[in-house]
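Colleague: For reference, the structure I am asking about is given below.
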């Protein structure tokens, strides 16, 4: 059984046809562009505006989109050792089958975004704002939401090796669909929903955090 968290789905209506593109530039304006199997590695596009566009099987290692706007966009099959979205605004975006080693998204607004079938290494969402975000069948090594504000977030069929949430403000965050290996700061879990089985897994860590000695009594 999962928590009854109502999530607003991304609304994406791509124009037809899309215009072909293979270059990202700072302050660029990209509306209705298809980046198809493009090698965008190392390109800097800070403060760019990307709307109604699709990135399909693109190499995006080292791409910088700091302060950019991505609205009504699809990113499917992209690969990157590092991708920088710090301070960006994501609205109505779906990211599917992505392979990203380090996703820098601190201070980012992430609204109505779906991650589906992604393999993510370190996800840095420190001080980010998340609303109506879904993770489906994702494998995440380190999920860091320190100082973040998140509401209406759901994980389904996911694995998270380590969850870091010190000083986070969480509301209607459903973790019942995630297999979580470790939680760095149990205090940060206030406002989340976990299952009874997850509570048993976390119990030892919670006890350590609270300074409680647990002994077997015969």
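Residue numbers (our numbering): 844 to 1061. The C-beta atom is built at its ideal place from N, Cα and C for all residues, glycine as well.
1) Over what stretch of residues does the beta strand (DSSP E) that includes residue 1004 continue unbroken?
2) Would you kindly work out how many angstroms separate the C-alpha atoms of residue 928 and residue 1041, rounded to a whole number?
3) As a quick exercise: from 897, 926 and 944, pick the residue whose alpha carbon is nearest that of residue 936.
4) In this structure, how does DSSP classify residue 1042 when only helix, strand and coil are distinguished?
5) Does residue 959 have its Cβ less than 8 Å from a Cβ in chain D?
6) Using three-state DSSP, classify residue 844 as helix, strand or coil.
7) Specify the secondary structure class of residue 920 as computed by DSSP and reduced to three states.
8) Just reading off the beta strand (DSSP E) that residue 966 is part of, what are its end residues?
9) Determine whether the beta carbon atoms of residue 991 and residue 970 lie at a separation below 8 Å.
10) In this structure, how does DSSP classify residue 928 when only helix, strand and coil are distinguished?
11) Suppose you measure from the CA of residue 1043 to the CA of residue 977; what does that come to, to the nearest Å?
12) Apart from the five residues on each side of it in sequence, which residues of its chain come closer than 6 Å, Cβ to Cβ, to residue 881?
13) With H, G and I counted as helix, E and B as strand and the rest as coil, what does DSSP make of residue 1017?
14) State buried or exposed for residue 950, treating a residue as buried only when at least 16 other CB atoms are found within 10 Å of its CB.
15) For residue 983, which beta-bridge partners are listed by DSSP?
16) Considering just the uninterrupted stretch of the beta strand (DSSP E) at residue 866, what are its terminal residues?
17) Let me know if residue 849 comes out buried or exposed under the rule of 16 or more other beta-carbons within 10 Å of its beta-carbon.
18) Apart from the five residues on each side of it in sequence, which residues of its chain come closer than 6 Å, Cβ to Cβ, to residue 1011?
19) With DSSP collapsed to three states, give me the class of residue 882.
20) Look at the alpha carbon of residue 973 and the alpha carbon of residue 910, and state the distance between them as a whole number of angstroms.
Modeller: So, from the listed chains and residues:
1) Its beta strand (DSSP E) spans residues 1001-1007.
2) For residue 928 and residue 1041, the distance between alpha carbons rounds to 31 Å.
3) Taking only the C-alpha atoms, the option nearest residue 936 is 897.
4) In the three-state reduction of the DSSP assignment, residue 1042 falls in the helix class.
5) Going by chain labels, chain D is absent from the structure shown, which holds only one protein chain.
6) The predicted model places residue 844 with a pLDDT of 42, which falls under 50 and marks its position as unreliable; any figure quoted below should be read in that light. Secondary structure at residue 844: coil, using DSSP grouped into helix, strand and coil.
7) Secondary structure of residue 920 (DSSP, three-state): coil.
8) DSSP places residue 966 inside the beta strand (DSSP E), whose first and last residues are 962-967.
9) Closer than 8 Å, so yes.
10) Of the three classes helix, strand and coil, the one that applies to residue 928 here is coil, per DSSP.
11) Distance between the alpha carbons of residue 1043 and residue 977 is about 25 Å.
12) Excluding residues within five positions, the ones whose Cβ falls inside 6 Å are 865 and 901.
13) In this structure, residue 1017 counts as strand in the three-state DSSP scheme.
14) Residue 950 is buried by the Cβ-count criterion.
15) Under the DSSP definition of a beta bridge, residue 983 partners with 963 and 1003.
16) Element bounds for residue 866: n/a, residue is neither H nor E.
17) So residue 849 counts as exposed.
18) So the qualifying residues of the chain are 988, 991 and 1031.
19) DSSP places residue 882 within a strand segment (E or B) once states are collapsed to three.
20) In this model, residue 973 and residue 910 are separated by some 16 Å (Cα to Cα).
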